[in-house]
Amino acid sequence: MLMTIFQSQLLATPLDEIIDPSSIIFHLIALVILTVGLYLLLFKPVKKMVKQRQEKIRKIEKENADLNEEVKEMKSSIELVLSDAKKEAAVIQENAVKVANQKADDIVASARRQAKSMVERTEQEMEEEYRKLQEDIEAQIADVSLAVAEKVLGRKLTPEDDKKLIEECLAKWSKE
Amino acid sequence: MIDIQKIGRGILDKLDSVQEIEDDRSCGRITYAGDGIIHISGLEDVKYNELLEIQGGYHALALNLEKFSVGAVLLSGAEKVRYGDLVYSTGKTVQMRVGEELLGRIVDPLGDPVDGLAAIASQEYRPVEFPAPSIMDRAKVNKPLQTGILAIDSMIPIGRGQRELIIGDRQTGKTAIAVDTILNQKGQDVICIYVSIGQKASSLAKIVNTLRNEGALAYTCIVSSTADDPVPLQYLAPYSGCALAEYFMYQGKDVLIVYDDLSKHAVAYRTMSLLLKRPAGREAYPGDVFYLHSRLLERAAKLSEEKGGGSITALPIVETLAGDISAYIPTNVISITDGQIYLESELFNSGVRPAVNVGLSVSRVGGSAQRAAVRQISGQLRVNLAQYRELAIFMQFGSDLDAETAKTLSRGAKMTDALKQRQYLNYSVKDMVVLLTVSQSDLVDKIPEKRMHAFVEGLPDYIRVNRPQLLEAIDPDKKVSEELRSKMLAVAAEYIDCSVGEDAARPLAAEEN
Amino acid sequence: MAKRSDSLAKVTLAREPDAELREKISAFVRKRGCTGVCYTIDPKIVGGIIIGIGDTILDGSVRGRLEHIKQSL
Numbered sequence: 157m158l159m160t161i162f163q164s165q166l167l168a169t170p171l172d173e174i175i176d177p178s179s180i181i182f183h184l185i186a187l188v189i190l191t192v193g194l195y196l197l198l199f200k201p202v203k204k205m206v207k208q209r210q211e212k213i214r215k216i217e218k219e220n221a222d223l224n225e226e227v228k229e230m231k232s233s234i235e236l237v238l239s240d241a242k243k244e245a246a247v248i249q250e251n252a253v254k255v256a257n258q259k260a261d262d263i264v265a266s267a268r269r270q271a272k273s274m275v276e277r278t279e280q281e282m283e284e285e286y287r288k289l290q291e292d293i294e295a296q297i298a299d300v301s302l303a304v305a306e307k308v309l310g311r312k313l314t315p316e317d318d319k320k321l322i323e324e325c326l327a328k329w330s331k332e
Numbered sequence: 397m398i399d400i401q402k403i404g405r406g407i408l409d410k411l412d413s414v415q416e417i418e419d420d421r422s423c424g425r426i427t428y429a430g431d432g433i434i435h436i437s438g439l440e441d442v443k444y445n446e447l448l449e450i451q452g453g454y455h456a457l458a459l460n461l462e463k464f465s466v467g468a469v470l471l472s473g474a475e476k477v478r479y480g481d482l483v484y485s486t487g488k489t490v491q492m493r494v495g496e497e498l499l500g501r502i503v504d505p506l507g508d509p510v511d512g513l514a515a516i517a518s519q520e521y522r523p524v525e526f527p528a529p530s531i532m533d534r535a536k537v538n539k540p541l542q543t544g545i546l547a548i549d550s551m552i553p554i555g556r557g558q559r560e561l562i563i564g565d566r567q568t569g570k571t572a573i574a575v576d577t578i579l580n581q582k583g584q585d586v587i588c589i590y591v592s593i594g595q596k597a598s599s600l601a602k603i604v605n606t607l608r609n610e611g612a613l614a615y616t617c618i619v620s621s622t623a624d625d626p627v628p629l630q631y632l633a634p635y636s637g638c639a640l641a642e643y644f645m646y647q648g649k650d651v652l653i654v655y656d657d658l659s660k661h662a663v664a665y666r667t668m669s670l671l672l673k674r675p676a677g678r679e680a681y682p683g684d685v686f687y688l689h690s691r692l693l694e695r696a697a698k699l700s701e702e703k704g705g706g707s708i709t710a711l712p713i714v715e716t717l718a719g720d721i722s723a724y725i726p727t728n729v730i731s732i733t734d735g736q737i738y739l740e741s742e743l744f745n746s747g748v749r750p751a752v753n754v755g756l757s758v759s760r761v762g763g764s765a766q767r768a769a770v771r772q773i774s775g776q777l778r779v780n781l782a783q784y785r786e787l788a789i790f791m792q793f794g795s796d797l798d799a800e801t802a803k804t805l806s807r808g809a810k811m812t813d814a815l816k817q818r819q820y821l822n823y824s825v826k827d828m829v830v831l832l833t834v835s836q837s838d839l840v841d842k843i844p845e846k847r848m849h850a851f852v853e854g855l856p857d858y859i860r861v862n863r864p865q866l867l868e869a870i871d872p873d874k875k876v877s878e879e880l881r882s883k884m885l886a887v888a889a890e891y892i893d894c895s896v897g898e899d900a901a902r903p904l905a906a907e908e909n
Numbered sequence: 002m003a004k005r006s007d008s009l010a011k012v013t014l015a016r017e018p019d020a021e022l023r024e025k026i027s028a029f030v031r032k033r034g035c036t037g038v039c040y041t042i043d044p045k046i047v048g049g050i051i052i053g054i055g056d057t058i059l060d061g062s063v064r065g066r067l068e069h070i071k072q073s074l
């Protein structure tokens, strides 16, 4: 636009007029006015617009960064929760294992106790069998010796002895 | 090997120790022998309940003293004695061998071992019939006897020195309760005596094995009279057991004695009485069948401190027919004892084990002996259960329930589940405090009904292994503070998370298979 | 112990007693309140004497003592 005005001015005026100092001044003034006008009318709003744009972009960028931050945070918190859960699972498992181990220990202990008591009992029974056998032998010996004693006494006991025995008995009973 | 010299020495020792024969003895002759009963002519100075000696070393018990004859029951040699045999009076009553040596042993009602082990060294004897402690010698029951069974310890508490009847039909777990109670006395400083009266030898063997395997035989003596023993021995068994219990009680120790069971004892006594031609009364029992049991159970007591403070806790067992607790022997024994645990076959068959009918079971003196913590928590239990049962019966016919009723019902069912308990799985007092607290809290709503039983069984183990500090914090003799309660609930919630999680995982695992 | 003045004492011996012994025995039983003596001879008792007065039996026989020892063993 500027060029067309300038060109039309060039075409409309003769050369001598162009080099007219007053016209030069006039031109210069016109140029200044034009420049100022243009600056005011065109450059400023554009600059303003650009500034606004820049501002907007910056805002969006900031938002982006915020979002990124948030995503990061979320990610880390998820990780935390996950690891917590894992830990908890481990604890639960550990507890269960502990309970199971305890039970197993109990069972083993009771089995051991049973085995021990069985051995003890068998030993006792053996001892008892042995003792019974001894007792049987004792009883047999006693029986035999008493039978022998009876026979011998029956033969050896003279009527005099018998009489003496009876008299002793009578004397003893009389005292009571 | 067999030491012949030792045998010889043994005989010589015995010969030396032979006592001078007593020539002058009162004696009579048998005029009738049959069915384990003998009639004797002569013996005019014999006393009631005197032990008689029969030619050949057998023994009899004089029970009927008449003008010209004496009726007696044979304790041994029923098929050996003959008409005309001489019978001597001994001037003694029947004696039971007593002493610490009897613990861990199985003996007959005269104190002779029947377990095939060594002879018992103890030479101390006590008469089987002995007067019960007088009123002044008795003290109040104030110490609990923990059965380890949640339903009983919470609602029907038993104290040391109490007589608590266990009554129910056959196969309802009467003996199981008694055996559980004996097992739970481990480390409690209680001596246990199990008297078997006319039981099957096989079931007795099972009980002995259980006790031995659990290490309970060390503090237990079993007085055994099986079904094939002579009737007089079955009759004597509870008195012998009681004599042994008294021996320990008068030393200041706590004793638990189980009479299993008194209905068979009454039957044995009826047999003897009928054979002795005593007049029969109701159900053909003789007139003194009440006295038979009252004089036995009166000997269970808690002694005062001056007398050493020992106690005999008696758990007599009576078997009913078709749940009839108004029969002769059950009513008798119920009226003598300080309460009863009533077991029902219906409950047993529907899976409630121990099949305790809470409504009909009572304990008249045990409440004062209950641990403070348990008493505090179980106070409402009985009422709640009764309400639940009432509601459950009422709601059997209704189909749609409002939310509140449904909740009450499900809580009641869970409470009933919590009281179920496997045999030989005894809870300690602390376990009980936790279980009672948890099962009466709101937490149970979180547990699925089917998992309740597993939860109750698993919780004590979980706490014992993983949270021992909680158990340490519980003092059964103090009331449970609000803080402790919330701690317990927190731990229980933790366990619910585990166990319910398990539940969720289980169907998945099943699908994989 | 019941004392029956008209009762007989049953005396068991191993062999026939002579007159002196008879006299001693009847003196003894009279002191115990018996009027007469009824003798039984039983070689099985080996030796000694058994006297039965009413319900009481006085056993002084060799066999009785042997039995006693046997039972104690």
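Those protein sequences? They're chains S, A and X, same order as listed. Read in our numbering, the first sequence has 189 at position 33, and its numbers run on one by one without any break. Read in our numbering, the second sequence has 838 at position 442, and its numbers run on one by one without any break. Read in our numbering, the third sequence has 22 at position 21, and its numbers run on one by one without any break. A virtual CB, placed ideally from N, CA and C, is assigned to each residue, including glycine. The structure presented is a predicted model; accordingly, all values stated were derived computationally and were not measured.
*Quick one: what's got a C-beta closer than 8 Å to K596 of chain A's C-beta in the same chain, skipping five residues either side?*
T622 and A623
*CB contact flag (P682 of chain A, R674 of chain A, <8 Å)*: yes
_Residue from A:L541, A:T571, A:I563 and A:D565 with nearest C-alpha to K582 of chain A_ = A:L541
*Interface residues of chain S facing G453 of chain A [CB-CB closer than 7 Å]*: By Cβ distance, chain S contributes nothing, its closest Cβ being about 13 Å from G453 of chain A, past 7 Å.
_Beta carbon proximity, I407 of chain A to chain X, threshold 8 Å_ = yes
_Does the stretch 7-17 of chain X come into contact with the stretch 27-39 of chain X, if we say contact requires no fewer than three beta-carbon pairs (one atom in each stretch) closer than 8 Å?_
yes
*Check each residue of the stretch 27-61 of chain X: if its Cβ is closer than 7 Å to any Cβ of chain A, include it; give the result in chain order.*
D56, T57, I58, L59, D60 and G61
*Rounded C-alpha distance that separates K4 of chain X from Q519 of chain A*: The predicted position of K4 of chain X is uncertain, since its pLDDT is 45 and thus under 50; no value can be drawn from it.
_Ignoring anything shorter than 3 residues, give me the beta strand (DSSP E) runs that lie fully in the stretch 722-766 of chain A, in order along the chain._
735-739
*Using a Cβ cut-off of 8 Å (strictly closer), state whether R478 of chain A contacts chain X.*
no
*asked:* For a contact defined as C-beta to C-beta under 8 Å, what are the partners of C638 of chain A on chain S?
replied: Neighbours of C638 of chain A on chain S: none; closest Cβ ~28 Å, over 8 Å.
*Taking Y646 of chain A as the reference, which of A:G706, A:E475, A:T543 and A:H661 has the closest Cα?*
A:G706
*Range covered by the alpha helix (DSSP H) that runs through G564 of chain A*: Per DSSP, G564 of chain A belongs to no alpha helix (DSSP H); it is in the beta strand (DSSP E), L561 to G564.
_Residues of the stretch 425-441 of chain A with Cβ closer than 8 Å to any Cβ of chain X, in chain order_ = G438, L439, E440 and D441
_Start-to-end residues for the beta strand (DSSP E) that takes in T41 of chain X_ = G37 to I42
_Within 8 Å of any Cβ in chain A, is that where the Cβ of M2 of chain X sits?_
In this predicted model, M2 of chain X has a pLDDT of only 42, less than 50, meaning its place in the structure is not dependable; the value taken from the coordinates is given anyway. By this cut-off, M2 of chain X is an interface position.
*asked:* Are the CB atoms of V876 of chain A and A769 of chain A within a distance shorter than 8 Å?
replied: yes
*Taking a cut of 7 Å between CB atoms, which residues from the stretch 215-243 of chain S lie near chain A?*
none
*For A901 of chain A, count neighbouring C-beta atoms within 10 Å of its own C-beta (all shown protein chains included) and say buried if the count is 16 or more, exposed if not.*
Only weak support is given to the placement of A901 of chain A: the predicted model assigns it a pLDDT of 43, under 50, and the value that follows is read from those uncertain coordinates. Exposed, by the Cβ-count rule.
*At a Cβ threshold of 8 Å, is K71 of chain X touching chain S?*
yes
*From the beta carbon of D857 of chain A, is the nearest beta carbon of chain S less than 8 Å away?*
yes
_CB of P553 of chain A within 8 Å of CB of G763 of chain A, strictly_ = yes
*What is the residue span of the alpha helix (DSSP H) that Q290 of chain S lies within?*
K200 to K312
_For chain A, check one thing: does any of its Cβ atoms lie closer than 8 Å to the Cβ of N324 of chain S?_
According to the sequence as given, residue 324 of chain S is Glu; it is not Asn. No, no contact with chain A.
*With 16 other Cβ atoms within 10 Å as the buried cut-off, status of M668 of chain A*: buried
_Span of the beta strand (DSSP E), counted from its first residue to its last, around N460 of chain A_ = Y454 to L461
_For a quick check, are the C-beta atoms of S573 of chain A and P864 of chain A less than 8 Å apart?_
Per the sequence shown, residue 573 of chain A should be read as Ile rather than Ser. Cβ atoms of I573 of chain A and P864 of chain A: not closer than 8 Å.
*Return the chain-ordered list of same chain residues with a C-beta closer than 8 Å to the C-beta of G452 of chain A, the five sequence neighbours on each side being excluded.*
G473, K476, V477 and D481
_When you compare the CB of R268 of chain S with every CB in chain A, is at least one pair closer than 8 Å?_
no
_Please confirm whether D318 of chain S has its beta-carbon closer than 8 Å to some beta-carbon of chain A._
no
*Do A535 of chain A and E679 of chain A have their C-beta atoms closer together than 8 Å?*
no
*Determine the chain S residues that contact K11 of chain X at a beta-carbon separation under 7 Å, and present them in chain order.*
Those do not exist, as K11 of chain X stays about 15 Å from chain S at its closest Cβ, beyond 7 Å.
*Within its chain, find whatever has a CB closer than 6 Å to the CB of P856 of chain A; leave out the 5 residues flanking it on each side and keep chain order.*
D827
*State the start and end residues of the unbroken beta strand (DSSP E) segment that holds S485 of chain A.*
L482 to T489
*Can you tell me whether D412 of chain A is buried or exposed, with buried defined as 16 or more other CB within 10 angstroms of its CB?*
exposed
_For a contact defined as C-beta to C-beta under 7 Å, what are the partners of K254 of chain S on chain A?_
V861 and N862
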